[in-house]
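Here is the structure we will look at, set down as structure tokens.
Residue numbers (the working numbering): 1158 to 1443.
Structure, rendered in structure tokens:
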């Protein structure tokens, strides 16, 4: 039963970086490509907690890491890790290699999910299928003020040390209240150490979104792999019309509108995410 399956919490050291990740494996051996799920800003792999078991129940090995600087992964000093897209792409490549994930389906969501898109576009031979949930796709996408202010001098230093910033951002992205027991997990890294806030500040300051979106736009123009673009229509930061415009110019893409869902679909309404994602992943490549 899907409800009986859970994901395991794991860690792996890759070079000098300790990664935390969640993994759900099917009960029986499966030849289906594994699925890697990447979270957005300022979230963590916990956001995929209801999606991982659903994938495993359908025969997919599902793995979701906490990005470096987020959740329960390492939060190195900025002198040791640049927190730029290129630094993240290199770190992600090393993590995937350490887990021997040579070919997989990739699921990305949100800001920082853009880094996952950049990885896919640079390594298309590794990507079986690509699923995009509410991530910046075109040059007109802007980091919302709620996130942008986290990277400002002085103000950002103060805001990123407030554990409640996670509540405000997750709930501000869709208007749904996140349960206290779940917020406890999201807040924990910020309560444990000031490193979480410092890392978040560094991420926002170094996101280089304009350059990233230029690369994403040009890369998607020649993208060949099957692609799902699923969009929470209540996203206050990334309008659904932008996603629809991208889909219309991408022959390999299909579009699913997630009604009454916000910027964090897997947090707002995971059942709709599971339905869209599993339908897409189970479809045979023609």
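All C-beta atoms in this analysis are idealised placements derived from N, C-alpha and C, irrespective of residue type, glycine included. In this text, all values refer to a predicted model and were calculated from it rather than measured experimentally.
With a threshold of 16 other CB atoms inside 10 Å of the CB of residue i, please say whether the residue is buried or exposed.
i            : result
residue 1206 : buried
residue 1392 : buried
residue 1332 : exposed
residue 1394 : buried
residue 1428 : exposed
residue 1302 : exposed
residue 1172 : exposed
residue 1179 : buried
Which of the three DSSP states is assigned to residue i in this structure?
i            : result
residue 1440 : coil
residue 1350 : coil
residue 1219 : strand
residue 1416 : coil
residue 1424 : helix
residue 1432 : helix
residue 1277 : helix
residue 1322 : helix
residue 1316 : helix
residue 1307 : helix
For the candidate residues the options, whose alpha-carbon lies nearest to that of residue i?
i            : options                : result
residue 1266 : 1419, 1439, 1435       : 1419
residue 1402 : 1363, 1170, 1294       : 1294
residue 1200 : 1397, 1228, 1389       : 1228
residue 1348 : 1329, 1323, 1163       : 1323
residue 1183 : 1212, 1352, 1208       : 1212
residue 1368 : 1405, 1421, 1243       : 1243
residue 1176 : 1371, 1407, 1188, 1253 : 1253
residue 1373 : 1279, 1345, 1245       : 1279
residue 1430 : 1440, 1439, 1413       : 1413
residue 1277 : 1380, 1426, 1435, 1203 : 1380
Checklist entry - What are the uninterrupted segments assigned as beta strand (DSSP E) that are 3 or more residues long and contained completely in the region 1202–1273, given in chain order? => result 1219–1222, 1261–1266
Checklist entry - At what residue ranges does the region 1324–1408 contain a whole run of the beta strand (DSSP E), taking only runs of 3 or more? => result 1384–1389
Checklist entry - Just checking, does the region 1334–1342 make contact with the region 1215–1222 on the three C-beta pairs under 8 Å criterion? => result no
Checklist entry - Do the region 1256–1274 and the region 1184–1200 meet, that is, are 3 or more Cβ pairs less than 8 Å apart? => result yes
Next on the checklist: Tell me whether the region 1378–1392 and the region 1280–1291 touch, counting them as touching only if at least three CB pairs, one residue from each stretch, are closer than 8 Å.
Outcome noted: yes
Next on the checklist: Under 8 Å: do the region 1404–1411 and the region 1312–1330 share three or more Cβ pairs, one atom per stretch?
Outcome noted: no
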